[in-house]
Amino acid sequence: MKGFRLLWVLLLAGSPLFAQSWEQNYADKGYTVEDTVIRGRRAVFVVPREANGRWIARPAFIGAFAQVDDALLEQGWSFGLLDLMDEYATPDAQEAFTAFCDYGRKRYGLSGKVVLEGLSRGGWFSLVYAENHPDRVEKLYLDAPLCDLTEFDNQHIQKAGDQWEAAGIPSGKFHTYAKDHFHRIKEIPIIVVYGAADPTVPFEKQFGTFDLSGCRKLSIIGKTGIGHHPHSLSPCDTIVHFLVKP
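Each residue of the sequence shown is one higher than the one before, counting from 86 in my numbering.
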């Protein structure tokens, strides 16, 4: 089990997956880049000159597998990140994300509805936040999304469980919260991409266990022979088209 937990950490850490100079790369393209702090968390905004107000935001893994982000930026979208990597959608983290969205709306004129981009554990936050704040989420792009924490055990999950319990949610309910509350989220268009050979967040034990009946619009793309990485698609046109379409 220790070996499995180590594999979990290595595969989901994300830090080696993007260049350290990513901010400068965006600045060189003429985008406005703000790297600040909101509610004690790192917050990043990348805004093009001809911004159209629509935007996509992540709760984790900044710069990793950014094909979709880059394509949307070229079409006038903005990008945002609030680093909630190891907070597992605690009530406090959700409040911080709402403050982050309000900041982007007031400072950059971004839409009151954001497209949430949830890669791996970021998928768990995206699902929980969208369920609790459907009026703030335009669409969901989930990539190998973590939806059930019962198979995993690490110090960050334990700490988050303590915070959920303090907010009145028992730890048992916390671990399956996303699956237990997949109701209002069905009104939100969702695109899911996953690797069919993913041993870390296997689709059939995660998103594949949801009751998908009644979803307003749902697209699921499985990648044969692909594991947890790489995320996204190459080319990523299918994802971009889904997100851009009104």
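Just so you know, even glycine gets a beta-carbon here, dropped at the ideal spot from N, CA and C.
First through last residue of the alpha helix (DSSP H) which encompasses residue i
{"i": "threonine 261", "result": "Segment: none, threonine 261 is in no alpha helix (DSSP H) and carries neither H nor E."}
{"i": "glutamate 108", "result": "107-113"}
{"i": "phenylalanine 210", "result": "206-217"}
{"i": "aspartate 233", "result": "Counting along the chain, aspartate 233 falls outside any alpha helix (DSSP H), and DSSP gives it neither H nor E."}
{"i": "leucine 158", "result": "152-159"}
Paired residues, beta bridge with residue i - DSSP
{"i": "alanine 142", "result": "Gly165 and Leu201"}
{"i": "serine 304", "result": "Ile276"}
{"i": "tyrosine 226", "result": "Glu202 and Ile276"}
With 16 other Cβ atoms within 10 Å as the buried cut-off, status of residue i
{"i": "glutamate 202", "result": "buried"}
{"i": "valine 153", "result": "buried"}
{"i": "valine 286", "result": "buried"}
{"i": "glutamate 289", "result": "exposed"}
{"i": "glutamate 216", "result": "buried"}
{"i": "glutamine 240", "result": "exposed"}
{"i": "threonine 309", "result": "exposed"}
{"i": "valine 122", "result": "exposed"}
{"i": "glutamine 160", "result": "exposed"}
{"i": "threonine 175", "result": "buried"}
{"i": "glycine 257", "result": "exposed"}
{"i": "serine 163", "result": "buried"}
{"i": "histidine 260", "result": "buried"}
{"i": "alanine 263", "result": "buried"}
{"i": "arginine 139", "result": "buried"}
Cα-Cα separation, residue i to residue j
{"i": "alanine 142", "j": "leucine 167", "result": "8 angstroms"}
{"i": "leucine 318", "j": "histidine 266", "result": "28 angstroms"}
{"i": "aspartate 155", "j": "isoleucine 305", "result": "22 angstroms"}
{"i": "tyrosine 173", "j": "alanine 251", "result": "14 angstroms"}
{"i": "glutamate 223", "j": "glycine 165", "result": "14 angstroms"}
{"i": "glycine 194", "j": "cysteine 186", "result": "10 angstroms"}
{"i": "proline 315", "j": "aspartate 177", "result": "30 angstroms"}
Residue span of the beta strand (DSSP E) that contains residue i, given as start and end
{"i": "aspartate 120", "result": "117-123"}
Helix, strand or coil at residue i [DSSP, three-state]
{"i": "alanine 251", "result": "helix"}
{"i": "phenylalanine 130", "result": "strand"}
{"i": "proline 294", "result": "First, the amino acid is wrong: residue 294 is threonine here, not proline. It is helical."}
{"i": "alanine 184", "result": "helix"}
{"i": "phenylalanine 327", "result": "helix"}
{"i": "glutamate 289", "result": "helix"}
{"i": "phenylalanine 177", "result": "The question names phenylalanine, but residue 177 in the sequence shown is aspartate. In this structure, aspartate 177 counts as helix in the three-state DSSP scheme."}
{"i": "leucine 95", "result": "Because leucine 95 sits at a pLDDT of 36, beneath the cut-off of 50, its placement in the model cannot be relied upon, and the point is left open."}
{"i": "histidine 241", "result": "helix"}
Beta carbon proximity, residue i to chain B, threshold 8 angstroms
{"i": "glycine 203", "result": "Note that chain B does not occur in the displayed structure, where there is just one protein chain."}
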